[in-house]
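The sequence shown begins at 58 in this note's numbering and counts up one residue at a time. These notes are about the structure you will find just below.
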Amino acid sequence: MKRNTLVAMLRDMLLARAFEERAAREYTRGNIAGFLHLYPGEEAVAVGVLHAAEPSDYVVSTYREHVHALVRGVPPGKVMAELFGRRDGCSGGMGGSMHLFDRERRFMGGYAIVGETYPVSIGIAYGIAMRELPEAVICFFGDGAVNQGTFHESLNMAALWKLPVLFVCENNRYQIGTEIHRHSAVTEVYKRACGYRIPAERINGMDVMDVYKATQSALQRIREGTGPQFLEIETYRFRGHSMADPGSYRPKVEVQAFQDEDPVTVVLEETVPDYPSAEHLSAIGKDNIEHLSGHIHREGFLSADQVERMRREIADTVENAVQFALNSPEPSMTDALAALHSNRGQEVLI
Ligand SMILES: Cc1ncc(C[n+]2csc(CCOP(=O)(O)OP(=O)(O)O)c2C)c(N)n1
Ligand SMILES: [Mg+2]
């Protein structure tokens, strides 16, 4: 894989982890109210999928969507301010954690209702298909959402009309506290797409490169006009369902097993080169040293110091995001009324 892609994905995964852990802290400080669904453990999904997408593609997500918005390029300060319910948030402070929105970046929302993402995606995809544009809609949803009626209605319509939708199931094995084998008769989610003749694949969501490659191929097939594609991406959330959930229904050994496969560690291992020791180099000889150092220069993407610098920059970014949110006022009643009447002219959003 190309260095720049890998390094950019590493940066976003580190940002995602740092942002979400800080949001958890701000929630316990009382700066964030309501529900707060966090993403640690699942970073490789949003990062791998969205790095493989084009800026002209649309993204529709769920209530666990902070990282999708960040990867899409919504400034961290605007996301944090929205979590804080402040006026400078990406939804004017009136949406909160579950309703991030950024039309300019084609981030068409977080949605709190399970299964709401499908019909919204289908509507956008229908608009794209009618205008014959080379764009796609990426529709994220959880494993628990595949039992909603809208799932079946939307998959049927998407297949029938060959709509450009990439369905992405973030299978973290749980629907709140209910494990997948207790909420679904068919636990291999990707198999459900076969019922609608939609090509589907199951991907390891702890490895960002696997996710990236599978998404790239799926989007390419969509752009060739073959209709929708489906990815089931197996992942795991390290925290509870939301900040209100201690997650005590999961055996410790299960949580530990997935933490051992932490997607952030996996991408770090891939990005930080194993520099050979001085003894090893001197045993190889001069020419080989040059050859090796040249190779490391070309292929050894980042040094441990560079990763450390990246972490420090990200820590500053997150700190600045919190300060930006704290300095932003709360929305006023005038703002609320303006938002209520904002689309009276029935403006077309896509
Ligand atoms: C229509 C509807 N029913 C129930 C809920 C309550 N609810 C919120 S999240 C959730 C679980 C969804 O699980 P999943 O789709 O696996 O997503 P995850 O939270 O694991 O990312 C439920 C049942 C809701 N928000 N909307
Ligand atoms: Mg789930």
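Where is the CB? At the ideal position from N, CA and C, for every residue including glycine.
Check whether the Cβ of Gly-201 sits closer than 7 Å to any heavy atom of ligand 1, and report yes or no. Along the sequence shown, read from residue 1 onward, the residue named residue 201 stands at position 144. Within the cutoff, so yes.
Between which two residues does the beta strand (DSSP E) containing Cys-251 stretch? One-based indexing of the sequence shown puts residue 251 at position 194. Cys-251 -> not in any beta strand (DSSP E); alpha helix (DSSP H) instead, spanning 247 to 251.
With a threshold of 16 other CB atoms inside 10 Å of the CB of Val-243, please say whether the residue is buried or exposed. Taking the sequence shown and counting its residues from 1, the one referred to as residue 243 is at position 186. The residue in question, Val-243, is exposed, as its Cβ has fewer than 16 Cβ neighbours within 10 Å.
I'd like to know if the stretch 180 to 188 and the stretch 240 to 254 are in contact, where contact means that at least 3 CB-CB pairs between them fall below 8 Å. no
Hey, Phe-197 and Val-222: beta-carbon distance below 8 Å or not? Translated into the one-based positions of the sequence shown, residue 197 becomes position 140. Translated into the one-based positions of the sequence shown, residue 222 becomes position 165. In this structure, Val-222 does not lie closer than 8 Å to Phe-197 by Cβ.
Hey, is Tyr-306 close to ligand 2, as in C-beta under 7 Å from one of its heavy atoms? To locate residue 306, count along the sequence shown from 1; it is residue 249. No - ligand 2 has no heavy atom lying nearer than 7 Å to the Cβ of Tyr-306.
Simplified DSSP state of Gln-232, which is helix, strand or coil: Taking the sequence shown and counting its residues from 1, one reaches residue 232 at position 175. Three-state DSSP puts Gln-232 in a strand.
My output table needs one value for His-352: the three-state DSSP class, helix, strand or coil. Counting from one through the sequence shown, the residue named residue 352 turns up at place 295. In this predicted model, His-352 has a pLDDT of only 48, less than 50, meaning its place in the structure is not dependable enough to derive any value.
Could you check the C-alpha separation between His-125 and Gly-201 for me, to the nearest Å? Looking up residue 125 in the sequence shown gives position 68. Looking up residue 201 in the sequence shown gives position 144. Near 19 Å, if we compare the C-alpha coordinates of Gly-201 and His-125.
Could you tell me whether the stretch 281 to 288 touches the stretch 296 to 303, using the rule of 3 or more Cβ pairs below 8 Å? no
Can you pull the DSSP bridge partners for Tyr-115? Mapped onto the sequence shown, residue 115 falls at position 58. Partner(s): Val-194.
Taking Leu-67 as the reference, which of Arg-86, Gly-199 and Ile-371 has the closest Cα? Here residue 67 refers to the residue found at position 10 when the sequence shown is read from its first residue. Per the C-alpha coordinates, the member of Arg-86, Gly-199 and Ile-371 positioned closest to Leu-67 is Ile-371.
By alpha-carbon positions, which one of Leu-140, Met-155 and Lys-135 ends up nearest to Cys-147? As a position in the sequence shown, residue 147 is number 90, starting the count at 1. Of the listed residues, the one whose Cα sits closest to Cys-147 is Lys-135.
Buried or exposed: Ser-178, going by 16 or more other Cβ atoms within 10 Å of its Cβ? One-based indexing of the sequence shown puts residue 178 at position 121. So Ser-178 counts as buried.
Round the Cβ separation of Glu-139 and Gly-152 to the nearest angstrom and send it over; I've been treating them as touching at under 8 Å. In the sequence shown, the residue the question calls residue 139 occupies position 82. In the sequence shown, the residue the question calls residue 152 occupies position 95. Indeed they touch by this definition, with Cβ atoms about 6 Å apart.
Top-ranked residue by Cα proximity to Ile-260, from Asn-229, Glu-236, Val-310 and Leu-220: Position 203 of the sequence shown, counting from 1, holds the residue named residue 260. The shortest Cα separation from Ile-260 among Asn-229, Glu-236, Val-310 and Leu-220 belongs to Asn-229.
Kindly indicate which three-state DSSP category Gly-184 falls into: helix, strand or coil? Taking the first residue of the sequence shown as 1, we reach residue 184 at position 127. Looking at Gly-184 - three-state DSSP - the assignment turns out to be helix.
From Gly-234 to Leu-157, what distance separates their C-alpha atoms? Taking the first residue of the sequence shown as 1, we reach residue 234 at position 177. Taking the first residue of the sequence shown as 1, we reach residue 157 at position 100. Cα to Cα, Gly-234 sits roughly 25 Å from Leu-157.
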